[in-house]
Amino acid sequence: MSTPDIEPISGRYMKLELWGAKHRIYWEEAGEGIPLLCLHTAGSDGRQFRALMNDEEVTSHFRVIAFDMPWHGKSSPPAGWESQTYELTTAKYLDLILRFSSALELDRPVVMGCSIGGRIVLHLAREHPDAARCVIGLQSAGMVNPYYDIDWLYRADVHGAHVCAGMVSGLIAPGAPDEHRWETLWHYMQSGPGIFKGDLHFYTVEGDIMDHVGEIDTGRCPIYMLTGEYDFSCSPEMSQRTAEAINGAHLEIMEGMGHFPMSEHPDAFKAYLMPVLEEIRQVHSP
Amino acid sequence: MEQLQGLANHDPLALRWGQGAAFDMIFGVEDQRYRIQVANGRVHQITAVPAKLTSWDFAITGPRVSWQAHWARVPAPTFHDLIAMRTAGHIAIEGNLTSFFQNILYVKRLLELPRAQGWLP
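As given, the protein sequences belong to chains L and D, one line each in that order.
Numbers 15 to 300, taken from our numbering, label the letters of the first sequence in order.
Numbers 1035 to 1155, taken from our numbering, label the letters of the second sequence in order.
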């Protein structure tokens, strides 16, 4: 019998008062050192960061933490959800990050978010620059151009798992290994009904920060941005436009990468992330 | 195009994601139109020159260069996916979009199968 390969990731739940209701939040973490709080994409969950948490080169210096947003993954929706419509807003998202960080007593974590997470870190840097020692925006832009009607994501006559995965499958770059491509899509297929759409309310409707990104003080909260060249949702051009509007922002375009770098192609992503983490260790250590 | 029927009906991904699929689609290269009839998750028939007044659910059409780029061994950004191509204006997706979105994983797979075969329209 083969020996099981038990991963160094641990998962726990916390009860958290949030958005005017009691929530049960699930999070995973691995490693020790500088807290690195990771924010998953819309309609997915914290498993997107599984490779980072399994990487000793990262976890030997960083405490990597990823929660499942309320209504996502193993975080339950609040009691009474059956008659509510989930809809994410900037205020709710910021509140979640700050309350979760406070609950774990994280000391100015590095906050790294992807897609909607890449958007909210811009809001965080602008409104709460002292809450994070720096932020990393993956597939980050102040605004995106909506390219489809998000109502398609939640309809009685269209299978939610098929359409959610079908709408993001092309955001994954052609060179992503099949194993990671389909794992990434599986997370989308497991998303609760209407949740991806509810997240995109923030991403495509409410959370536009383009007119205010110039107010971000990167002296107080440095910004690193990494964007995949195959992403047509948050395209390299959109990230470029955002970075140009933020004095001191660092942007790198990741060749051969799509919208889910940490999940679709962890090995290739590492080549871009490690220099950033190394700089953070040297410049932003406690 | 006739070969596409055999490819699709033996492709594990197409069979997995097409379960129960039933629709008539038009696939277009330049002015050439193909009617692809799908029933019970299998390509039932591909007609190269659809008769006039033929009905269909949705149509995916574009110039030859778009499909050549889509079927390149490693397609370039904006050519690598149907939605990406539509967003960039390389192709058009029209008709009954409910049917398209109901079958999106299958349709994407169907139209990327020629890539592995090295086909060029």
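The C-beta atom is built at its ideal place from N, Cα and C for all residues, glycine as well.
I need the DSSP call for valine 1072 (chain D), collapsed to helix, strand or coil.
strand
Per DSSP, what kind of secondary structure is arginine 195 (chain L) in: helix, strand or coil?
helix
Could you tell me which chain D residues have their CB closer than 8 angstroms to the CB of histidine 201 (chain L), listed as they occur along the chain?
Per Cβ cutoff of 8 angstroms: no residues; histidine 201 (chain L) is ~15 angstroms from chain D at best.
Which chain L residues are close to alanine 1122 (chain D), counting only those with a beta carbon under 9 angstroms from its beta carbon?
Phe246
Methionine 271 (chain L) and glutamate 293 (chain L) look like a contact to me (Cβ under 8 angstroms); what is the Cβ gap, rounded to whole Å?
Methionine 271 (chain L) to glutamate 293 (chain L), Cβ: 20 angstroms. No contact.
Residue range of the beta strand (DSSP E) that includes tyrosine 27 (chain L)
24 to 32
Count the C-beta pairs between the region 121 to 128 of chain L and the region 83 to 98 of chain L that are closer than 8 angstroms, then say yes if the count reaches three, no if not.
no
What does the alpha-carbon distance come out to for the pair leucine 1047 (chain D) and glycine 189 (chain L)?
18 angstroms
Just to confirm my understanding: we take phenylalanine 1167 (chain D), look at its own chain, exclude 5 residues before and 5 after, and list those with CB closer than 7 angstroms. What are they?
Within the shown structure, residues of chain D are numbered from 1035 to 1155, placing residue 1167 (chain D) beyond reach of any answer.
Mapping DSSP to helix, strand and coil, what is alanine 35 (chain L)?
strand
Reference arginine 1008 (chain D); option with closest CA among D:Thr1095, D:Trp1101, D:Ala1126, D:Thr1112:
Any question about residue 1008 (chain D) goes unanswered here, given that chain D covers just 1035 to 1155.
Taking the beta strand (DSSP E) that glycine 132 (chain L) belongs to, which residues open and close that run?
Where glycine 132 (chain L) is concerned, there is no enclosing beta strand (DSSP E), although the alpha helix (DSSP H) it sits in stretches over 130 to 141.
Residue burial classification, methionine 67 (chain L) (beta-carbon count within 10 angstroms, cutoff 16):
buried
Is it right to say valine 1202 (chain D) is buried, meaning 16 or more other beta carbons lie within 10 angstroms of its own, or is it exposed?
Any answer about residue 1202 (chain D) is impossible in this case: the structure gives chain D only from 1035 up to 1155.
Would you tell me roughly how many angstroms separate the C-alpha atoms of methionine 1059 (chain D) and serine 1089 (chain D), rounded to the nearest one?
9 angstroms
Just tell me which of L:Glu119, L:His264, L:Ala65, L:Gly34 has its CA closest to the CA of lysine 106 (chain L).
L:Gly34
Would you call the region 159 to 171 of chain L and the region 140 to 149 of chain L in contact, with 3 or more CB pairs under 8 angstroms?
no
Any 3 or more C-beta pairs closer than 8 angstroms across the region 144 to 161 of chain L and the region 265 to 285 of chain L
yes
Please list, in chain order, the chain D residues whose beta carbon lies closer than 9 angstroms to that of glycine 189 (chain L).
Val1108
Name the chain D residues that come within less than 8 angstroms of aspartate 171 (chain L), Cβ to Cβ?
Thr1132, Gln1136
CA-CA distance, threonine 256 (chain L) and phenylalanine 114 (chain L)?
27 angstroms
Chain C contacts made by the region 228 to 259 of chain L, where a contact means CB separation under 7 angstroms:
Structure shown: chain C not included; protein chains present are L and D.
Alpha-carbon to alpha-carbon, tryptophan 1051 (chain D) and glutamate 43 (chain L):
34 angstroms
Which residues of chain L have a Cβ atom closer than 9 angstroms to the Cβ of valine 1115 (chain D), listed in chain order?
First, the residue type needs correcting, since residue 1115 (chain D) is aspartate and not valine in the sequence shown. Simply Ser183, Gly184, Leu185, Ile186, Pro188, Tyr244, Phe246.
Beta-carbon contacts of threonine 1213 (chain D) that lie in its chain and below 8 angstroms, excluding the five residues immediately before and after:
As displayed, chain D neither begins before 1035 nor continues past 1155, which places residue 1213 (chain D) out of reach and without an answer.
For valine 177 (chain L), return the contacting residues in chain D, with the cut-off set at a CB-CB distance below 7 angstroms.
Phe1135, Ile1138
Members of the region 99 to 119 of chain L near chain D, C-beta cut-off 7 angstroms
none
Is the region 82 to 92 of chain L touching the region 174 to 184 of chain L, taking contact as three or more C-beta pairs under 8 angstroms?
no
With a Cβ-Cβ cutoff of 7 angstroms, do alanine 1055 (chain D) and valine 1077 (chain D) count as a contact?
no
Exposed or buried, what is alanine 170 (chain L) when buried is set at 16 or more other beta-carbons lying within 10 Å of its beta-carbon?
exposed
Going along the chain, which residues of its own chain have a beta-carbon closer than 6 angstroms to the beta-carbon of proline 49 (chain L), five neighbours each way excluded?
Arg77, Leu120, Pro123
DSSP three-state assignment for proline 1046 (chain D), whether helix, strand or coil
helix
CA-CA distance, tyrosine 168 (chain L) and leucine 199 (chain L)?
17 angstroms
Identify the residues that DSSP records as bridge partners of glutamine 1079 (chain D): which are they?
D:Gln1071
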